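By my numbering, the letter at position 96 of the sequence shown is numbered 113, and the numbering carries on one by one without gaps.
A virtual CB, placed ideally from N, CA and C, is assigned to each residue, including glycine.
Computed from a predicted model, the values in this text were never measured in an experiment.
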Amino acid sequence: MKRNWLLAIFLGVIMSVVLLGCQKGESSSDDKISVVTSFYPMYEFTQQVAGDRANVSLMVSDGQDAHHYEPSAKDVAKVNKANVFVYSSEEMEYWVNSLLKSIDNDNLVIARTADGLDVEDTNESGHRHEHDHEDTDGEANQESDEKITIQGKADHYHTGDMIELTARLAEKVDYDHWHWYTRESADKEWVTVPNQGGPKFKYEAADESFEVRAVLYDDNHNEFAVSAPIEIVVNNHGHDHGEEASHEHTDGEEGHDHGEKADKDHDHKGDASVEKIEIVGLADHYHTGDVVSLVAELKEETDYDHWHWYTRGSEEEDWEVVSGQGSDHFEYKTTGESFEVKAALFDEEHHTFAESEPVTVFINDHNNHDPHIWLDPVLAQEQVKIIRDALIKADPDGKDIYEKNTEAFIKELQALDKEYETTLKDAKNRAFVVQHQAFGYLAKRYHLEQIAIGGLSTEVEPSPSRMAEIGTLVKEHNVPVIYYQHGANSAIAKTVANETGTKTAVLYDLEVLSKELKEKDLGYLDAMRENLKALQLSVK
Numbered sequence: 018m019k020r021n022w023l024l025a026i027f028l029g030v031i032m033s034v035v036l037l038g039c040q041k042g043e044s045s046s047d048d049k050i051s052v053v054t055s056f057y058p059m060y061e062f063t064q065q066v067a068g069d070r071a072n073v074s075l076m077v078s079d080g081q082d083a084h085h086y087e088p089s090a091k092d093v094a095k096v097n098k099a100n101v102f103v104y105s106s107e108e109m110e111y112w113v114n115s116l117l118k119s120i121d122n123d124n125l126v127i128a129r130t131a132d133g134l135d136v137e138d139t140n141e142s143g144h145r146h147e148h149d150h151e152d153t154d155g156e157a158n159q160e161s162d163e164k165i166t167i168q169g170k171a172d173h174y175h176t177g178d179m180i181e182l183t184a185r186l187a188e189k190v191d192y193d194h195w196h197w198y199t200r201e202s203a204d205k206e207w208v209t210v211p212n213q214g215g216p217k218f219k220y221e222a223a224d225e226s227f228e229v230r231a232v233l234y235d236d237n238h239n240e241f242a243v244s245a246p247i248e249i250v251v252n253n254h255g256h257d258h259g260e261e262a263s264h265e266h267t268d269g270e271e272g273h274d275h276g277e278k279a280d281k282d283h284d285h286k287g288d289a290s291v292e293k294i295e296i297v298g299l300a301d302h303y304h305t306g307d308v309v310s311l312v313a314e315l316k317e318e319t320d321y322d323h324w325h326w327y328t329r330g331s332e333e334e335d336w337e338v339v340s341g342q343g344s345d346h347f348e349y350k351t352t353g354e355s356f357e358v359k360a361a362l363f364d365e366e367h368h369t370f371a372e373s374e375p376v377t378v379f380i381n382d383h384n385n386h387d388p389h390i391w392l393d394p395v396l397a398q399e400q401v402k403i404i405r406d407a408l409i410k411a412d413p414d415g416k417d418i419y420e421k422n423t424e425a426f427i428k429e430l431q432a433l434d435k436e437y438e439t440t441l442k443d444a445k446n447r448a449f450v451v452q453h454q455a456f457g458y459l460a461k462r463y464h465l466e467q468i469a470i471g472g473l474s475t476e477v478e479p480s481p482s483r484m485a486e487i488g489t490l491v492k493e494h495n496v497p498v499i500y501y502q503h504g505a506n507s508a509i510a511k512t513v514a515n516e517t518g519t520k521t522a523v524l525y526d527l528e529v530l531s532k533e534l535k536e537k538d539l540g541y542l543d544a545m546r547e548n549l550k551a552l553q554l555s556v557k
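So, in structure tokens, the structure goes:
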């Protein structure tokens, strides 16, 4: 009996140990930090740093466009539960700011991997424009102007809006003595803004537009860096509803020409009609190639359904009817310029029943800043380090693992850099033609000349004059190949190739995780080596 009792105790202890071990194993798996990454290069860089220490997920996948991606409710929920969110920059992932505004996660570590890196306005050759910087009042030299960039500026503000800006320094220093200055115009003196002693600027918009700049001082109160002035536009959309307020349709106007001017004789029947329609769905800003989707909401019920939408470039221009927009819904693909839009509803006699206030559709392509940092193997190393630091912040216990993994991956990136440098250094023809202006950083790193058919946007087709110019450049540089980015429509590249008697080839910009990349299991290093092989068709 005693022996059975001891055996029972012994078996109980064994089972407890086994169960405890199982529980610890499950806990260990559950204790992995959760990291959400934006698009493919950020995903791979993070995986290389994290190894098996974290659960890393990719948001933009399966051929989706990293620029124009729209995060789902599931994405928001995932980031809300994550420990770390990794992205490159607002210039690349246009949607990041709106995503982060939806997040309620005070413990989330955000890794913006472009921080401290020089997100540039690149020209055709991939180099910074070499024109002289205008010294606004003799205080700032060219070098210091380029050290500070001011971010966060909206296209315009209204009186009473809170202006929130951030001064970003291109290099890391220990100085933290900041001043912000404003002036009414270029011919006025700069005035110090009180209580703005850091890199953040917070200021309530008054009635008039003005300029602002940031200055960082060293320990001796000498200017270390000065930003270029930026203009803060205050626009309260004041409109005179006089002449443009009486657009009256005649009975015979049912099929009018939608290219005609539309502001000659509106008859509002009083200002109240303007307030009956509200336009909803307007975003803070759009990018060239985005589709603007708006809805005109009527504040009272009616059976009228004869709608027209109107656009104009500015208050000084006439309203024009937009063709193909005959309902309360408005859809329009942007072409690069901001514009105003309004909606009008007409009764059965074609008189204006109600009209909205104009709203402004702002186009902001982020000053044509080139966001393709990861295509430079040297800058990619800096992005990897930023990811490492974010993971350590979220998971200090994993510091040794993250540092070891980072060191190993950086060695591979350094080897890749060496391959590019060695392979391309003696080439006599250093120009290459690309459909999409994505390879500016790579071109600058290895002293190449990128000739881009289009710009940074993948949505806008080049003009006929630009196509003709490219044809001339192809002949001048004796370029044998026209490149298009993997996963993109190659029609433009093929058109240029046909007209110039050249061939086409593919370069990977890695913006899209395509089916081919997944099937071939091509990682960042593999794709970049494929790019090197392809470049040698032109650079030789």
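> Where does the unbroken beta strand (DSSP E) through Lys-217 begin, and where does it stop?
Replying inline: In the sequence shown, the residue the question calls residue 217 occupies position 200. Here the beta strand (DSSP E) through Lys-217 covers 217-221.
> Taking three-plus beta-carbon pairs below 8 Å as touching, is the segment 214-233 in contact with the segment 171-183?
Replying inline: yes
> So does the segment 496-510 actually touch the segment 544-555, counting three or more Cβ pairs closer than 8 Å?
Replying inline: yes
> Based on the DSSP output, what are the partners of Tyr-57 in its beta bridges?
Replying inline: Reading the sequence shown from its first residue, position 40 is the one you call residue 57. Partner(s): none; Tyr-57 has no beta bridge.
>> Quick check on DSSP: helix, strand or coil for Tyr-437?
In response: Counting from one through the sequence shown, the residue named residue 437 turns up at place 420. Three-state DSSP puts Tyr-437 in a helix.
> Secondary structure at Ile-470, three-state DSSP: helix, strand or coil?
Replying inline: Numbered from 1 along the sequence shown, position 453 holds the residue referred to as residue 470. The answer is coil: DSSP assigns Ile-470 none of H, G, I, E or B.
> How long is the line joining the alpha carbons of Lys-461 and Ile-468, rounded to whole angstroms?
Replying inline: Reading the sequence shown from its first residue, position 444 is the one you call residue 461. Reading the sequence shown from its first residue, position 451 is the one you call residue 468. The straight-line gap from Cα to Cα measures roughly 12 Å.
>> For Asp-268, which residues in the same chain have their Cβ closer than 6 Å to its Cβ, ignoring the five residues on either side in sequence?
In response: The residue labelled residue 268 in the question sits at position 251 within the sequence shown. The predicted model places Asp-268 with a pLDDT of 40, which falls under 50 and marks its position as unreliable; any figure quoted below should be read in that light. The answer is none, since no qualifying residue turns up.
> According to DSSP, is Ile-249 helix, strand or coil?
Replying inline: Sequence index remark: in the sequence shown, residue 249 carries index 232 (1-based). Strand.
> Around the Cβ of Asn-100, are there at least 16 other Cβ atoms within 10 angstroms (buried) or fewer (exposed)?
Replying inline: Along the sequence shown, read from residue 1 onward, the residue named residue 100 stands at position 83. Result: buried.
>> For the pair the segment 520-536 and the segment 427-442, tell me if three or more CB-CB distances fall below 8 Å.
In response: no
>> Rounding to the nearest angstrom, what Cα-Cα distance links Leu-539 and Ala-245 in this structure?
In response: Sequence index remark: in the sequence shown, residue 539 carries index 522 (1-based). Sequence index remark: in the sequence shown, residue 245 carries index 228 (1-based). For the pair Leu-539 and Ala-245, the Cα-to-Cα distance works out to about 42 Å.
>> Once the 5 residues before and after Lys-95 are set aside, which same chain residues still bring their CB inside 6 Å of it?
In response: As a position in the sequence shown, residue 95 is number 78, starting the count at 1. The residues are Val-53.
>> Taking only three categories from DSSP, how would you classify Val-66?
In response: Working through the sequence shown from its first residue, we reach residue 66 at position 49. In the structure shown, Val-66 sits in a helix (DSSP, three-state: H, G or I).
> For Ser-310, which beta-bridge partners are listed by DSSP?
Replying inline: Along the sequence shown, one-based indexing puts residue 310 at 293. DSSP lists Glu-348 as the beta-bridge partner residues of Ser-310.
> What residues are listed by DSSP as bridge partners for Tyr-104?
Replying inline: The residue you call residue 104 lines up with position 87 of the sequence shown. DSSP, once it has assigned bridges, lists Arg-129 as partnering Tyr-104.
> So does the segment 122-133 actually touch the segment 70-78, counting three or more Cβ pairs closer than 8 Å?
Replying inline: no
>> Please classify Val-208 as buried or exposed, where buried requires at least 16 other C-beta atoms within 10 Å of its C-beta.
In response: Sequence index remark: in the sequence shown, residue 208 carries index 191 (1-based). Exposure of Val-208 is indicated by the presence of fewer than 16 other C-beta atoms within 10 angstroms of its C-beta.
> Is His-256 helix, strand or coil by DSSP?
Replying inline: The residue labelled residue 256 in the question sits at position 239 within the sequence shown. Only weak support is given to the placement of His-256: the predicted model assigns it a pLDDT of 44, under 50, and the question is left unresolved by the model.
> Given Lys-164, which residues of its chain have a CB within under 7 Å of its CB, disregarding the five upstream and five downstream residues?
Replying inline: Walking along the sequence shown from the start, residue 164 turns up at place 147. A distance below 7 Å between beta-carbons, with the five flanking residues on each side excluded, links Lys-164 to the following residues of its chain, in chain order: Leu-186, Ala-187, Glu-188, Ala-242.
> When the Cα of Ser-355 is compared with those of Ala-361, Ile-409, Val-376, Leu-542, which residue comes out closest?
Replying inline: Your numbering for residue 355 matches position 338 in the sequence shown. Cα-wise, what sits closest to Ser-355 is Val-376.
> Cα-Cα, which of Val-297, Gly-330, Phe-363 is closest to Phe-347?
Replying inline: Within the sequence shown, the letter at position 330 stands for residue 347. Ranking the options by Cα distance to Phe-347, first place goes to Val-297.
> Taking the alpha carbon of Ile-470 as the point to measure from, which residue in Asp-69, Met-484, Tyr-458 has its own alpha carbon closest?
Replying inline: Translated into the one-based positions of the sequence shown, residue 470 becomes position 453. Checked all of Asp-69, Met-484, Tyr-458; the closest Cα to Ile-470 is Met-484.
> How long is the line joining the alpha carbons of Thr-352 and Ser-340, rounded to whole angstroms?
Replying inline: Residue 352 sits at position 335 when you count from the first residue of the sequence shown. Residue 340 sits at position 323 when you count from the first residue of the sequence shown. Each residue's alpha carbon lies about 16 Å from the other.
>> Mapping the DSSP letters down to three states, classify Gln-452 as helix, strand or coil.
In response: Taking the sequence shown and counting its residues from 1, one reaches residue 452 at position 435. If DSSP states are grouped into helix, strand and coil, Gln-452 belongs with coil.
>> Please report the distance separating the alpha-carbon of Leu-311 from that of Asp-132.
In response: Against the sequence shown, residue 311 aligns to sequence position 294. Against the sequence shown, residue 132 aligns to sequence position 115. Rounded to whole angstroms, Leu-311 to Asp-132 spans 34 Å at the Cα level.
>> Once DSSP output is grouped into helix, strand and coil, what is the label at Arg-230?
In response: The residue given as residue 230 occupies position 213 in the sequence shown. Three-state DSSP puts Arg-230 in a strand.
> Which word fits Lys-359, buried or exposed, when buried means at least 16 other C-beta atoms lie within 10 angstroms of its C-beta?
Replying inline: On the sequence shown, position 342 is the one that residue 359 refers to. The residue in question, Lys-359, is buried, as its Cβ has 16 or more Cβ neighbours within 10 Å.
>> Relative to the C-alpha of Tyr-234, which candidate in Ala-223, His-196, Gln-213 has its C-alpha closest?
In response: In the sequence shown, the residue the question calls residue 234 occupies position 217. When only C-alpha atoms are compared, the closest one is His-196.
> In whole angstroms, what is the alpha-carbon distance linking Gln-452 and Thr-512?
Replying inline: The residue labelled residue 452 in the question sits at position 435 within the sequence shown. The residue labelled residue 512 in the question sits at position 495 within the sequence shown. The alpha-carbon atoms of Gln-452 and Thr-512 are separated by roughly 11 Å.
> What number of angstroms, rounded off, separates the C-alpha of Trp-326 from the C-alpha of Asn-239?
Replying inline: As a first step, residue 326 must be located in the sequence shown, where it is residue number 309. As a first step, residue 239 must be located in the sequence shown, where it is residue number 222. Each residue's alpha carbon lies about 55 Å from the other.
>> Here's a check: name, in chain order, each residue in its chain whose Cβ is nearer than 7 Å to the Cβ of Pro-58, leaving out the five neighbours to either side.
In response: If you number the sequence shown from 1, residue 58 lands on position 41. Only Trp-391, Leu-527, Tyr-541 meet the Cβ criterion.
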